[in-house]
Amino acid sequence: MALQNDLILRVARGESVERPPVWMMRQAGRYLPEYRAVRARAGSFRNMIANPEFAAEVTLQPIDLMGTDAAIIFSDILVLPEAMGLPYVMEEQRGPVFPEIISGTPDIEKLHLPSASSNLNDTLEAIQIVKEQLSGRVPLLGFAGAPWTIFAYMTEGKGSKTFSRAKAHLYQNPAFAHALLDKITDATIIYLTQQIEAGVDMIQIFDSWAGLLSRDAWLRFSLPYIQKICNAIQGVPKIIFAKGAFYALKELGECDAQVIGLDWNMNPMEAKKQIPGKALQGNLDPCVLYGDEAEIRRQTLQMLSEFEPGKHIVNLGHGIYPDIQPDKARVFLETVKSYRY
Ligand code: CP3
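Position 248, counted from 1, in the sequence shown is what this note's numbering calls 237; the numbers after and before it change by one each time, with no gaps.
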């Protein structure tokens, strides 16, 4: 099916565009009343992911209701540890919790690569439904967590300000850390390959917790695994979003990925210098969307002026927050969509 709007793919391929494409991380989420309604019908966040019809419905909401230039499949990065044998629950107000965690080398033996009948099939089926229902309106993004970010949840067991338990392994038993990171990497390559076979047009790797690490630790425990994934995954454009990795823009730019995501602490001018010629994604502070319309327009136009025309996929610097009014997000999206190079 030929795509009617392929702006995001054109930027990734280095082709010319008349305006920058725009989408929002977490665009299918609680800020939309329509999302909350589906969630209520499904009973829980986990049920939405486990039921491909619900997942497909909320994936399409931002396309129909907000007019974003790309869809991102509704799922979670933590479905992968579950497919490897480490289940998790999503606790209200608290976020993801793993009842059992990985704390040493013997635990790694208990983990397996995703089987043909794993929970990942729910998301793969949702991808097929979404592709059909989109009928080429916009491209569909698949995604996975970066191995370090997945490692952080599997060893910490829950969200944390410091992830000190996860980080302690890097210094106490680096061989264990590398063995677990290796296994997560192999599983991620399988999962992303399956997503591409199911129909995604592009993928994003989320290293949400890159910023917890020093430059040195990130170069040792995150970058090599991201590189391994990028080298293994071919055929669709790749975006790497490593939140907080301002210290390694050059190394990110050297990966086999077409687009590098920036968070709002990263300076687009500095990124352009360190990654010349590559497409960048980002990076409006999601909190700008608490401002009034004029302020949102001003901040969005300022951001647009800091990126290179034709080398920019517009996004927020991280996911949209649940208490943002959809109309405020629309001001952001419309400002970008009426901009011309
Ligand atoms: O619209 C999209 O971006 C697609 C769907 C998506 C979700 N999670 C849905 C979600 C994507 C791409 C993710 C990725 C994800 N999941 C990341 C990486 C991105 C990032 O934000 O850095 C991480 C770290 C997770 C793990 C996770 N999932 C956490 C920590 C939480 C709890 C925090 C929260 O916002 O409540 C989730 C829950 C989650 N994932 C929600 C959604 C829409 C909210 C769940 C709900 O409806 O209650």
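C-beta atoms are modelled at their ideal positions from N, C-alpha and C, and glycine is treated no differently.
Between residue i and residue j, what straight-line distance do the alpha-carbon atoms span, to the nearest angstrom?
i: leucine 113; j: proline 70; result: 16 Å
i: phenylalanine 236; j: leucine 201; result: Note on identity: in this sequence residue 236 is tyrosine, with phenylalanine being the wrong assignment. So the alpha carbons of these two residues sit roughly 12 Å apart.
i: tyrosine 270; j: valine 189; result: Note on identity: in this sequence residue 270 is glutamine, with tyrosine being the wrong assignment. Answer to the nearest angstrom: the Cα atoms are 19 Å apart.
i: isoleucine 228; j: lysine 239; result: 15 Å
i: proline 213; j: alanine 283; result: 43 Å
i: leucine -2; j: lysine 217; result: 22 Å
i: alanine 157; j: phenylalanine 195; result: 22 Å
i: proline 136; j: valine 47; result: 26 Å
i: isoleucine 97; j: glycine 250; result: 31 Å
i: arginine 204; j: serine 294; result: 29 Å
i: valine 27; j: isoleucine 309; result: 18 Å
i: alanine 59; j: lysine 326; result: 13 Å
i: arginine 35; j: arginine 83; result: 14 Å
i: alanine 115; j: proline 10; result: 24 Å
i: isoleucine 192; j: methionine 79; result: 24 Å
i: glutamate 323; j: histidine 301; result: 16 Å
i: leucine 159; j: aspartate 53; result: 44 Å
Let me confirm a value: residue i is counted as buried when at least 16 other C-beta atoms fall within 10 Å, else exposed. Which label applies?
i: serine 211; result: buried
i: lysine 99; result: exposed
i: aspartate -5; result: buried
i: glycine 266; result: exposed
i: proline 311; result: exposed
i: tyrosine 24; result: buried
i: glutamate 145; result: buried
i: methionine -10; result: exposed
i: glycine 306; result: buried
i: asparagine 304; result: buried
i: glutamine 161; result: exposed
With 8 Å as the threshold, decide whether the Cβ of residue i is near any Cβ in chain B.
i: glycine 224; result: Protein chains in the displayed structure number just one, and chain B is not present.
Enumerate, from N- to C-terminal direction, the unbroken alpha helix (DSSP H) stretches of 4 or more residues contained entirely within the stretch 168 to 246. 204 to 210, 212 to 221, 238 to 242
Tell me the start and end of each unbroken beta strand (DSSP E) in the stretch 274 to 305 that is at least 3 residues and wholly inside, in chain order. 301 to 305
What are the complete alpha helix (DSSP H) segments, minimum 4 residues, inside the stretch 58 to 109? 68 to 72, 94 to 99
Given 8 Å, three or more beta-carbon pairs between the stretch 8 to 20 and the stretch 148 to 155: no
Taking one C-beta from the stretch 258 to 266 and one from the stretch 214 to 233 each time, how about it: are there three or more such pairs within less than 8 Å? Contact between the stretch 258 to 266 and the stretch 214 to 233 is absent, because fewer than three Cβ pairs lie under 8 Å.
Three or more C-beta pairs under 8 Å: does that hold for the stretch 238 to 258 against the stretch 283 to 291? no
Between the stretch 131 to 149 and the stretch 176 to 185, can you find at least three pairs of beta-carbon atoms closer than 8 Å? yes
My parser needs the alpha helix (DSSP H) runs of 4 or more residues fully inside the stretch 113 to 179; what are they? The stretch 113 to 179 contains these whole alpha helix (DSSP H) runs: 136 to 145, 153 to 161.
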